[in-house]
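Asker: Each residue of the sequence shown is one higher than the one before, counting from 668 in my numbering.
Glycine included, C-beta positions come from ideal geometry on N, C-alpha and C.
Nothing here was measured: the structure is a model prediction, and the numbers come from that model.
Could you have a look at this structure, given as structure tokens, before my questions?
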Amino acid sequence: MVSPIEVIGRSDAVRGTDPERVQHDRFSGKVAFVTGAASGIGRATARRIAAEGGAVACADISEDGVTKVVSEITDAGGSAVAVVCNVTEEQSVIDAVRTSAEQLGRISVVVNSAGIGGFEHTENQSFEGWNRILAVNLTGTFLVCRESLPYLLDGGGTIINLSSTAGVMGQPYSAAYCASKGGVSMMTKAIAIEYATKGVRCNGVAPGGVDTPLVHNFGLPEGADYKQLDRIMTPLGYCTPSEVAGAIAYLASDEAAYASGAILSFDGGISA
668 MVSPIEVIGR SDAVRGTDPE RVQHDRFSGK VAFVTGAASG IGRATARRIA
718 AEGGAVACAD ISEDGVTKVV SEITDAGGSA VAVVCNVTEE QSVIDAVRTS
768 AEQLGRISVV VNSAGIGGFE HTENQSFEGW NRILAVNLTG TFLVCRESLP
818 YLLDGGGTII NLSSTAGVMG QPYSAAYCAS KGGVSMMTKA IAIEYATKGV
868 RCNGVAPGGV DTPLVHNFGL PEGADYKQLD RIMTPLGYCT PSEVAGAIAY
918 LASDEAAYAS GAILSFDGGI SA
């Protein structure tokens, strides 16, 4: 299989800003629980929040991966703990959220970044593969939201869920992925409405093409019509995980206090 990045390519455009530029102390006194923290957007987000003064519970199914990220954060002077969590298993999520709160204090920021995907012709999509994508992307996000809400309700807080352009527009060879991310988008809005008067905000970020291990591993199925990839090409090309982390950090911060129920398109113009 060929990675879509090999077909579409990266952008050489200079966007004129430094995605690593941080606002020190923006998350001072706050505790964040970040899933998918071992790589990609989750890793970049955990590092960003820690760099801005937050304590971060780095959760991922990869123990080696989150241990490495925590070392990166603490070596830079930040505060973080590693938490092994399989978001498809209810008890694993229950234990991970509870352990994080016990070690760091009340959770006030939740970032659901754990996700998987892959391209496949719909007529060839296996039932097992369908269920796996829905379990990680949608059910996993739900479980983390559910288990985190008691902490968020006890003093206020915010949830940022990773959706995708595939959650707001059709994408070829992606029936399962589109269904999972569309579900994340609507669940985000439902939670935002339900808890609007209780001090809890819930927003989503819908990235387009991001240069991450997840996208590299998607793989285009045999016989794919590359012309259809025009549907997922972006005027600004692929972005970096750090750029997405900047958008997440904004929504998680007090600067976005009036934002709730939004799905922020962060797609380089693909949905324009």
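Per DSSP, Gly696 is paired with what?
Answerer: According to DSSP, which records beta bridges pairwise, Gly696 is partnered with nothing at all.
Asker: I want to know whether the segment 720–728 touches the segment 784–792 - three or more CB-CB distances under 8 Å.
Answerer: No, the segment 720–728 does not touch the segment 784–792.
Asker: Is the Cβ-Cβ distance between Val851 and Thr808 less than 8 Å?
Answerer: Yes, these two residues count as a Cβ contact at 8 Å.
Asker: Taking Leu829 as the reference, which of Tyr844, Ala722, Arg765 and Gly837 has the closest Cα?
Answerer: The shortest C-alpha separation from Leu829 is found at Tyr844.
Asker: If I follow the unbroken alpha helix (DSSP H) through Cys845, where does it start and stop?
Answerer: Its alpha helix (DSSP H) spans residues Ala842 to Glu861.
Asker: Where do the N-terminal and C-terminal ends of the alpha helix (DSSP H) with Arg868 fall, by residue?
Answerer: Where Arg868 is concerned, there is no enclosing alpha helix (DSSP H), although the beta strand (DSSP E) it sits in stretches over Val867 to Pro874.
Asker: Just the Cα atoms here: how many angstroms apart are Tyr917 and Asn779?
Answerer: In a straight line, the C-alpha of Tyr917 is about 15 Å away from that of Asn779.
Asker: Closer than 6 Å by C-beta to Gln690: which residues in its own chain qualify, once you throw out the five before and the five after it? Chain order, please.
Answerer: The residues are Glu719.
Asker: Could you tell me which uninterrupted alpha helix (DSSP H) segments, each at least 4 residues in length, are contained entirely in the segment 800–843, listed from first to last along the chain?
Answerer: DSSP runs (the alpha helix (DSSP H)) wholly in the segment 800–843: 807–820.
Asker: Spatial neighbours of Gly849 within its chain, please: CB distance less than 6 Å, with the 5 preceding and 5 following residues excluded, ordered by chain position.
Answerer: Closer than 6 Å at Cβ, skipping near neighbours: Gly834.
Asker: Starting from Ser724, trace the beta strand (DSSP E) both ways and give me its first and last residue.
Answerer: A small correction: the amino acid at residue 724 is Ala; Ser does not occupy that position in the sequence shown. Segment Ala722 to Asp727, the beta strand (DSSP E) holding Ala724.
Asker: From the DSSP secondary-structure annotation, give me the bridge partner or partners of Ser738.
Answerer: Note: Ser738 sits in no beta bridge, so no partner.
Asker: Would you mind reading off the limits of the alpha helix (DSSP H) that contains Ala718?
Answerer: Counting along the chain, the alpha helix (DSSP H) containing Ala718 begins and ends at Gly707 to Ala718.
Asker: Would you kindly work out how many angstroms separate the C-alpha atoms of Ala929 and Ala763, rounded to a whole number?
Answerer: So the alpha carbons of these two residues sit roughly 27 Å apart.
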